[in-house]
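Shown next, in structure tokens, is the structure this report addresses.
Protein chains: 2
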Amino acid sequence: MRARDIAEPFPTVTLDTDALSAVRLLAGQRLPGLIILGPTGRPAAVLPGSQVLHFVVPPYVQDEPALARAYDEKASDEMCRRLDEATVRNIVPKDRDADELPVVDADATTIEVAAVMARAHSPVVAVIDDDHFVGAITVSALLSHMIPA
Amino acid sequence: MRARDIAEPFPTVTLDTDALSAVRLLAGQRLPGLIILGPTGRPAAVLPGSQVLHFVVPPYVQDEPALARAYDEKASDEMCRRLDEATVRNIVPKDRDADELPVVDADATTIEVAAVMARAHSPVVAVIDDDHFVGAITVSALLSHMIPA
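Going down the list, the protein sequences come from chains X and B. Each residue of the first sequence is one higher than the one before, counting from 1 in my numbering. Each residue of the second sequence is one higher than the one before, counting from 150 in my numbering.
Structure (structure tokens):
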């Protein structure tokens, strides 16, 4: 069993997609994360949903979650304003390590996919064939193929 | 809007659940993670699916994913053996920080839930009321409630 046999269709965005549309996609389709394609069609980033939250939660609340109880409405308004003004490029953290990008070749074995996913702490990996995105594998889809029935 | 209004039913396991059953639950219901209840009914751990993979992937493959291509069948057999012999207690990493447990009170605001989830890098938070588990909130469910329609 190879990555190409397990990969499923998965919606993608680009670095220029507006942030609100990307977040709506994540929420509406209940995706575990965002797969962001670069200009050549190769995945430029794969962001877990929790990483997206880092962008939407105002910094003062991230530092001290208990503050959110007092400032909920103000924080929600600020979150919406941040999304309105941003593109996906702004959501991608600048300090991420390209070597840890959860992307596998279509020929990767199931254990190889699992290892890449575990190292990247990612709920989803992008599968590429000849440098083009061909689908994605979630943790649960991978495990369904790996464990005995 | 408070955590209790967004929380949804979510299957749980205990530290004594056998590992294979827990992984089957994760895979079969396509859960983003495992919520593990302690003896008092309070969540003892919340593990993202990718964390579970750390347990199932043999250590020599985690260190060098490229090895998986050569040893796929051997690694799969070893994975199944590890699951057969273990309970959930063995999957929970020993070095996790209890302060970072993604658990929120039923009265938590949406922004507070988002902040806790972002800090813990967790795809799901457990919601408790009076120290008892009452449901869970995934990143996508949370965002559906936070963003303007």
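Glycine is no exception: its CB is placed at the ideal position from the N, C-alpha and C atoms. Small disclaimer: the values here were computed from a predicted structure and weren't measured.
Out of curiosity, what's the CA-to-CA distance linking residue i and residue j?
i: residue 88 of chain X; j: residue 41 of chain X; result: 15 Å
i: residue 167 of chain B; j: residue 265 of chain B; result: 29 Å
i: residue 145 of chain X; j: residue 188 of chain B; result: 32 Å
i: residue 233 of chain B; j: residue 227 of chain B; result: 10 Å
i: residue 259 of chain B; j: residue 20 of chain X; result: 17 Å
i: residue 262 of chain B; j: residue 62 of chain X; result: 10 Å
i: residue 50 of chain X; j: residue 292 of chain B; result: 10 Å
i: residue 11 of chain X; j: residue 43 of chain X; result: 12 Å
i: residue 58 of chain X; j: residue 177 of chain B; result: 36 Å
i: residue 147 of chain X; j: residue 72 of chain X; result: 43 Å
i: residue 281 of chain B; j: residue 132 of chain X; result: 47 Å
i: residue 290 of chain B; j: residue 203 of chain B; result: 26 Å
Using DSSP bridges, identify the partner residues of residue i.
i: residue 281 of chain B; result: B:278
i: residue 286 of chain B; result: B:274
i: residue 105 of chain X; result: X:128
i: residue 110 of chain X; result: For residue 110 of chain X, which the question treats as bridged, DSSP gives no partner whatsoever.
i: residue 8 of chain X; result: X:136
i: residue 151 of chain B; result: B:258
Counting only the same chain and skipping the five closest in sequence on each side, list residues whose C-beta sits under 8 Å from that of residue i.
i: residue 283 of chain B; result: 153, 156, 255, 276 and 277
i: residue 69 of chain X; result: none
i: residue 195 of chain B; result: 182, 183, 184, 185, 250, 251, 252, 269, 271, 273, 274 and 275
i: residue 205 of chain B; result: 172, 228, 231 and 232
i: residue 150 of chain B; result: 258, 259 and 294
i: residue 13 of chain X; result: 21, 22, 25, 34, 35, 36, 37 and 88
i: residue 197 of chain B; result: 181, 182, 270, 271, 272 and 273
What residue from the options has the CA that sits closest to residue i's CA?
i: residue 288 of chain B; options: X:30, X:11 and X:62; result: X:30
i: residue 9 of chain X; options: X:136, X:147 and X:142; result: X:136
i: residue 279 of chain B; options: B:297, B:257, B:290 and B:296; result: B:257
i: residue 16 of chain X; options: X:74, X:76, X:86 and X:54; result: X:86
Might you give, ordered along the chain, the residues of its own chain that have their beta carbon closer than 6 Å to the beta carbon of residue i, omitting 5 neighbours on each side?
i: residue 241 of chain B; result: 194
i: residue 214 of chain B; result: none
i: residue 244 of chain B; result: none
So, at 7 Å on beta carbons, what are the nonlocal neighbours of residue i in its own chain, with the 5 sequence-adjacent residues on each side left out?
i: residue 52 of chain X; result: 23, 26, 34 and 91
i: residue 216 of chain B; result: 209 and 210
i: residue 224 of chain B; result: 207, 210 and 217
i: residue 118 of chain X; result: none
Please tell me whether, using a cut-off of 7 Å, the distance from the CB of residue i to the nearest non-hydrogen atom of the ligand FAD is below it.
i: residue 125 of chain X; result: The model depicted lacks the ligand FAD and carries no ligand whatsoever.
Exercise. Quick one: complete beta strand (DSSP E) runs, 3+ long, within the stretch 161-205 of chain B?
Worked result: Within the stretch 161-205 of chain B, the runs of beta strand (DSSP E) at least 3 residues long that lie entirely inside it are, in chain order, 161-163, 182-186 and 192-197.
For this session: Could you name each continuous alpha helix (DSSP H) segment of 4 residues or more that falls completely within the stretch 201-245 of chain B, going from the start of the chain to the end?
Result: Runs of the alpha helix (DSSP H) inside the stretch 201-245 of chain B: 208-212, 216-219, 221-234 and 237-240.
For this session: Check distances from the C-beta atoms of the stretch 14-26 of chain X to those of chain C and list, in chain order, the residues that come in under 8 Å.
Result: Of the chains in the structure shown, none is chain C; the protein chains are X and B.
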